[in-house]
Each structure stands twice: as C-alpha cells, then as structure tokens.
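Residue numbers (my numbering), protein chains in the order written: chain A, 237 to 386; chain B, 237 to 386.
Protein chains: 2
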Amino acid sequence: MYSGGIRWLTGLVITGTLVMASQPAALADDDDAITYRQLIMKEMDAESSALGMMISDQIPPDALASQAKALAFSAKGALKAFEPKVPGGEAKPDVWAKWDDFSKRMQTFAQKTDEMAKAAESGNVSAVSERMIDALTCKQCHDTYRNKKN
Amino acid sequence: MYSGGIRWLTGLVITGTLVMASQPAALADDDDAITYRQLIMKEMDAESSALGMMISDQIPPDALASQAKALAFSAKGALKAFEPKVPGGEAKPDVWAKWDDFSKRMQTFAQKTDEMAKAAESGNVSAVSERMIDALTCKQCHDTYRNKKN
Chain A
237 MYSGGIRWLT GLVITGTLVM ASQPAALADD DDAITYRQLI MKEMDAESSA
287 LGMMISDQIP PDALASQAKA LAFSAKGALK AFEPKVPGGE AKPDVWAKWD
337 DFSKRMQTFA QKTDEMAKAA ESGNVSAVSE RMIDALTCKQ CHDTYRNKKN
Chain B
237 MYSGGIRWLT GLVITGTLVM ASQPAALADD DDAITYRQLI MKEMDAESSA
287 LGMMISDQIP PDALASQAKA LAFSAKGALK AFEPKVPGGE AKPDVWAKWD
337 DFSKRMQTFA QKTDEMAKAA ESGNVSAVSE RMIDALTCKQ CHDTYRNKKN
C-alpha cells in the first residue's frame, strides 16, 4: 500500500497551494524549486536540533552516530537544492549573485558535517561537540543569505 | 563561533516553553523526550517529502542517493526516541502498551528504508520508487499509534 506516498503527496499539494497563493506570478517549476529547498532546510533544522539535544545532555546519545549521519547526508545534497536560480521564499538574491561564496560555504558545511559524522561513529559526544561548533555555521550563512522571517 | 548551536538551543527553549505551558504536570526530562521524538518525526517527514519530489519528477533527482541515506539514518535511530515511556504529544499510549508490535514496525521501517537507500546509490529513480512503496508505511503506523492533530 502506497499510503506513505499519499501522505507526502498530500503535504506537497497543500504546500504548493500556499506558495502559489502568495506568489501568483511564479511558474509551477519555480514553486517546486522553492518548496524543495525549504524542505531541505527544514530537515537540517530538525536533524541539528535533535543532535543538539544529545550534545547538551538533554537526551541519551544512543542514536548519536545515525543522527549525525542523517545530518551529514542532508548537508551533502543541500547545495543542489539551490542550483536552480529561482529567487523566492526566504532566500536572498545574493545566493545567486554571489554564487561562488555561497556554494563554497555550503561545500565547507557539507565537508565539516561529514567529518563530524565520522567522529560520531565512536559514540564520543565530546568529539562531536567540538566538531559541531566548527561545522554548523548556520547562523553566519543565514545572516548573509536569508531574509528574516516576519 | 557557536552560532549554529545558539540557533538550535534557542529553538529548543521556545519549543520546551510551549510544551511546558500545555502540560504543566510533566517533568523536564519528559518534555525533552517528547520534544526529541517530535523532532525525529519532523525530520523524517521533511526527508521523505524531499525524496518524494524526486520520485514524482518534480525536481531533478541529483541528490537521490544522499537524500535516501539521510532518511535511512533517521529511520535507524527513530525507535530510540520512543524507548522512554513518556505518553504525550501525539503518541497514543498504545505505543508502549503494544511495544512489541510498535518496535517491530519501526525496525521493519528502518530495514526497508535502508534497502531503499542502497538501491538509491545507483541513481535509479524507479528502483527507489518501488522500494519506497514498501518502506514508507507511515500512514498505517500513524493511523494506529498517533492521535490526529486538531
């Protein structure tokens, strides 16, 4: 039964409707591009928050390695979501106007997150914590390339 | 600079405040357990939606393998989030009353999602699509173990 698929398809239809309502001039493909990168950011936000709960000793770090790997693989594919030059959502036009800088930052983020995930294989929370500081430069990048939410 | 960490810590504080406001009797550790499993579900929802956009040809499947891997690693660690017996959020008490069934479903989900991610390494969208139907039984499990959102 393809009920899982129906679930996300329903979600996408709802999301798509909202995006189109606020941006009537956008083409369907552009809406998809925006929706996709918003999903990537949403997943990395949840992944890093869950990992953060382990690092800050709020929950046991039983799933430290798998959680760090999930974030690393999301980071690995994240730049692809910005390759279509489709301004909109919270992305500033500078993402594409300063693509060399933006893509370099995203590649560094992916590389350092991967190093963090490798360190997590040992189950050593401190080793992950140290690398997390260096890897998750979310705020610096958001301050430069993301419009603040209203 | 640890601004990434500050970002998720801020998010957690806000989330924690909301949970505590609606459930004043819960202990702080219980709030953390609930927040954690909600993050895990949130990340898998975004991961599967992003993967779904590739399968349904809404976006190019350039990041097919990394996206499937991200979901597989999240699924691998997901059961851990439910091990603390803390009813609340949208989880029905049956999660723990029928733990054998619940944990078996989650283990099967993790196993089949891993098989899907291995198939994704080839970049073959059809191979992922076929396994996705079998792996992502989200709705069946939600119908049984999750209270509907109001």
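Ideal Cβ placement from N, Cα and C applies to all residues, glycine included.
Task: 7 Å Cβ shell around Leu300 of chain B - same chain, five flanking residues per side excluded - done: Met290, Ala356, Gly359, Val361 and Val364
- [ ] Compare the Cα-Cα distances from Ala319 of chain A to each of A:Asp293, A:Thr373, A:Trp332 and A:Phe309 and report the closest residue.
- [x] The question names Ala, yet the displayed sequence has Glu at residue 319 of chain A. With respect to the C-alpha of Glu319 of chain A, the residue from A:Asp293, A:Thr373, A:Trp332 and A:Phe309 having the closest C-alpha is A:Trp332.
Task: Segment contact, 8 Å Cβ cut-off, at least three pairs: the region 341-351 of chain B with the region 292-299 of chain B - done: no
TODO: Measure the Cβ-Cβ separation of Ala311 of chain A and Thr373 of chain A and say whether it is below 7 Å.
DONE: no
Task: Gly324 of chain A in three-state terms, based on DSSP - done: strand
TODO: Determine which residues share a DSSP beta bridge with Arg382 of chain B and list them.
DONE: B:Ala327
Open item on the list: Just verifying my parser: in three-state terms, what is the DSSP assignment at Pro297 of chain B?
Closed with: In the displayed model, Pro297 of chain B falls within a helix according to three-state DSSP.
TODO: Please compile the residues from chain B whose C-beta is within a distance smaller than 7 Å of the C-beta of Gly313 of chain A.
DONE: Ala299, Ser302 and Gln303
Task: Contacting residues, own chain, Cβ-Cβ under 7 Å from Asp370 of chain A (five flanking each side not counted) - done: Lys348
Task: Closest Cα partner of Glu326 of chain A within the set A:Lys385, A:Asp265 and A:Asp266 - done: Ranked by Cα distance from Glu326 of chain A, the options A:Lys385, A:Asp265 and A:Asp266 are led by A:Lys385.
Open item on the list: Strictly below 8 Å CB to CB, what residues from chain A border Tyr272 of chain B?
Closed with: Result: Ala286, Met289, Gln294 and Ile295.
- [ ] Excluding the 5 residues preceding and the 5 following Gln303 of chain B in the sequence, name in chain order all residues of the same chain whose CB lies nearer than 8 Å to its CB.
- [x] Glu283, Ala286, Leu287, Met290 and Ala356
TODO: Pick helix, strand or coil for Ser285 of chain A, following the three-state DSSP scheme.
DONE: helix
Task: Span of the alpha helix (DSSP H) around Lys348 of chain B - done: Trp335 to Ala356
Open item on the list: What would DSSP say about Ser362 of chain A, mapped onto helix, strand or coil?
Closed with: helix
TODO: Write down the C-beta distance between Tyr272 of chain B and Ala317 of chain B rounded to the nearest angstrom, noting that I regard them as a contact closer than 8 Å.
DONE: 5 Å
TODO: Quick one: residues in its chain with C-beta nearer than 7 Å to the C-beta of Gln274 of chain B, no 5 flanking neighbours on either side, listed in chain order?
DONE: Gly325
- [ ] Can you tell me which of A:Glu366, A:Lys334, A:Leu315 and A:Asp379 puts its alpha carbon nearest to the alpha carbon of Ile270 of chain A?
- [x] A:Leu315
Open item on the list: Does Glu279 of chain B come out as helix, strand or coil in the three-state DSSP assignment?
Closed with: helix
- [ ] Count the other CB atoms, across all protein chains shown, that sit within 10 Å of the CB of Lys321 of chain B; report buried if there are 16 or more and exposed otherwise.
- [x] exposed
TODO: Just the C-alpha distance for Lys328 of chain A and Met352 of chain A, rounded to the nearest angstrom, thanks.
DONE: 28 Å
- [ ] Name, going along the chain, the residues of the region 338-358 of chain B whose beta-carbon falls closer than 7 Å to a beta-carbon of chain A.
- [x] none
Open item on the list: Any beta carbon of chain B sitting closer than 7 Å to that of Ala327 of chain A?
Closed with: no
- [ ] Round the Cβ separation of Glu177 of chain B and Ala306 of chain A to the nearest angstrom and send it over; I've been treating them as touching at under 8 Å.
- [x] Limits of chain B in this structure are 237 at one end and 386 at the other, which puts residue 177 of chain B out of reach.
- [ ] Run down chain B in chain order and give the residues with a C-beta less than 8 Å from the C-beta of Ser310 of chain A.
- [x] Glu283, Ser302, Gln303 and Ala306
Task: Neighbouring residues, chain A, relative to Lys316 of chain B (Cβ below 7 Å) - done: Asp298 and Ala299
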